[in-house]
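Residue numbers (this note's numbering): 240 to 710.
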């Protein structure tokens, strides 16, 4: 049985290295996953808080939240690309004790997030009306979407930076620190929403301002955590002198960019199809379902992200048995958790949707769509674990392929083909069909990785003196 490593008298770097490569795998993943799950669920909760409070203003205002969610997905795509890309490199660098490399990549990612965020702000503000229309805003939804998006765009550099800071802290195995920053901002967001929307009578713009303020608070806290509590050291000097690292960060983060970018495109297409086949009621219903679905999905994704630094450290350190044990444990726990939440969503769909809105048609559409999506939830873990694994160990092509499956190779064709045949029912079935197809593709990748790791483990335990005899 694995024992806790001796840590007394060690440097911060060596202490963290031993924790990640010698602590028992299951408690370690659990310890890292719980703060990550809380972080992601709080993020989803304050997105849901926006949906809940804005829905009280009417179905067109509620639809605007779904439209701007696509814009936020674009900002997340930038933040996750830089954050997950640098985080993967940082984990592997720390696994071989190359601390200077970790510092360089972290610095480049953080300052690049600010730059790319500013570009999104400028571009979005210049092309606001056509952008909102492309994202799926109907004429009645457009005024609300403009009000909401203007503040979200202003906060793009802050939001992108927060994603990078969050992932850097997780990459070294300190997800509890990232949790403090994200949860603090999330709680603030939930409190500010009703204040700005109703008390100050700012409407949809109030929800956006609440999100902007909370994101700023989160970013400041995360930055303080990185500067004061992390073994990673960032500086503008390292960023400027190591800008060539950007290529490796983008290549490694490409799966996240594909996943988030395709998520944005798929949401845009879904919004357009929902509006076409069900009007504002369908747009509002699918927007609410998306937020609920993401809250549940955060459990599986959080478990996977808690696992990711463990597999990155140990793969780099060639601890093959720990890599295999971590993969199997994460798969079983993730599948079990999503199965439980999926069953609950199926049973209580009719009670969940009315918590957000009292429009009977929206409730009918939303409850049916939520049930379909919940049925497919248990199949998601295979793709999540494989995707996280290949990105963490630097197998970029496999990671990109798997990240494109769910919201790209399956979702986009299905959302274009199914609604014209089944109309509104097709819109409601799109995500479930896509998730099951992705599961089928992910299975051989999972077994292939486990076979490879088992082979490496066997090779590492072979006795070297046997080689000359064989020859």
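All C-beta atoms in this analysis are idealised placements derived from N, C-alpha and C, irrespective of residue type, glycine included.
Computed from a predicted structure; not experimentally measured.
Item to check | Buried/exposed call for residue 700, threshold 16 Cβ in 10 Å | outcome: exposed
Checklist entry - Below 8 Å between beta carbons: does that hold for residue 353 and residue 400? => result yes
Next on the checklist: For the ligand GTP, is there any heavy atom lying closer than 7 Å to the beta carbon of residue 518?
Outcome noted: Questions concerning the ligand GTP fall outside what the structure shown contains, since it holds no ligand whatsoever.
Checklist entry - Thinking C-beta only, is residue 681 closer than 8 Å to residue 641? => result yes
Next on the checklist: Between which two residues does the alpha helix (DSSP H) holding residue 601 run?
Outcome noted: 599-614
Item to check | Residue range of the unbroken alpha helix (DSSP H) whose run includes residue 565 | outcome: 559-591
Checklist entry - Taking contact to mean at least 3 C-beta pairs separated by less than 8 Å, is the stretch 266-277 in contact with the stretch 543-555? => result yes
Item to check | Sequence-distant residues of the same chain with beta carbon closer than 7 Å to residue 360, five excluded per side | outcome: 392, 393, 395 and 396
Item to check | Chain-order list of residues whose beta-carbon lies under 6 Å from that of residue 578 (same chain, five-residue window excluded) | outcome: 617
Checklist entry - In chain order, what residues of the same chain have a beta carbon less than 6 Å from the beta carbon of residue 576, not counting five sequence neighbours either side? => result 538
Next on the checklist: Suppose you measure from the CA of residue 246 to the CA of residue 363; what does that come to, to the nearest Å?
Outcome noted: 50 Å
Checklist entry - Which term fits residue 705, buried or exposed, when burial requires 16 or more other beta carbons within 10 angstroms of its beta carbon? => result Note that residue 705 scores 47 on pLDDT, short of 50, meaning its location in the model is unreliable and no value can be drawn from it.
Checklist entry - Is residue 412 helix, strand or coil by DSSP? => result coil
Item to check | Under 8 Å between C-beta atoms of residue 418 and residue 274 | outcome: yes
Item to check | Same chain only: Cβ atoms within 6 Å of residue 289, ignoring 5 sequence neighbours per side | outcome: 304 and 446
Item to check | Separation of residue 694 from residue 707, as counted between CA atoms | outcome: Low confidence applies to residue 707: its pLDDT is 42, below 50, so where it sits in the model is not reliable, and the reading given next is rough at best. C-alpha separation (whole angstroms): 21 Å.
Item to check | Where the alpha helix (DSSP H) containing residue 485 begins and where it ends | outcome: 484-555
Checklist entry - Taking the runs of the alpha helix (DSSP H) that are 4 residues or longer, which of them lie wholly in the stretch 382-458? => result 395-410 and 414-433
Checklist entry - Can you tell me the Cα-Cα spacing of residue 709 and residue 626, whole angstroms? => result Only weak support exists for where residue 709 lies, its pLDDT of 35 falling under 50; the value from the coordinates is given anyway. Roughly 39 Å separates the two Cα atoms.
Next on the checklist: Less than 8 Å between C-beta atoms, sequence neighbours within five positions excluded: which residues of the same chain meet that for residue 711?
Outcome noted: The first residue shown for the chain is 240 and the last is 710, placing residue 711 beyond what the model contains.
Checklist entry - Rounded to a whole number of angstroms, what is the C-alpha to C-alpha distance between residue 225 and residue 451? => result Because the chain spans 240 through 710 in this model, residue 225 falls outside it and cannot be assessed.
Item to check | residue 700, DSSP secondary structure in three states | outcome: coil
Checklist entry - So which of 593, 670 and 543 has the shortest CA-CA distance to residue 572? => result 543
Checklist entry - Alpha carbon to alpha carbon, how far is residue 398 from residue 532? => result 22 Å
Item to check | When 598, 458, 469 and 390 are compared against residue 252, the one with the closest alpha-carbon | outcome: 469
Next on the checklist: Let me confirm a value: residue 467 is counted as buried when at least 16 other C-beta atoms fall within 10 Å, else exposed. Which label applies?
Outcome noted: exposed
Item to check | Residue from 633, 660, 672 and 665 whose Cα sits closest to the Cα of residue 647 | outcome: 672
Item to check | Length of the line joining the Cα atoms of residue 526 and residue 293 | outcome: 12 Å
Checklist entry - Hey, is the stretch 600-618 in contact with the stretch 580-591, meaning 3+ C-beta pairs nearer than 8 Å? => result yes
Checklist entry - Three or more C-beta pairs closer than 8 Å, one from the stretch 403-414 and one from the stretch 329-339: is that the case here? => result yes
Item to check | Nearest-angstrom Cα separation, counted from residue 661 out to residue 514 | outcome: 15 Å
Checklist entry - So, are the CB atoms of residue 505 and residue 650 less than 8 Å apart? => result yes
Checklist entry - If we count the other Cβ atoms within 10 Å of its Cβ and call it buried at 16 or more, is residue 716 buried or exposed? => result Any answer about residue 716 is impossible in this case: the structure gives the chain only from 240 up to 710.
Checklist entry - Would DSSP call residue 470 helix, strand or coil? => result coil
Item to check | Distance between beta carbons of residue 530 and residue 283, contact taken as under 8 Å | outcome: 7 Å
Checklist entry - Looking only at C-alpha atoms, which of 644, 556 and 432 sits nearest to residue 678? => result 644
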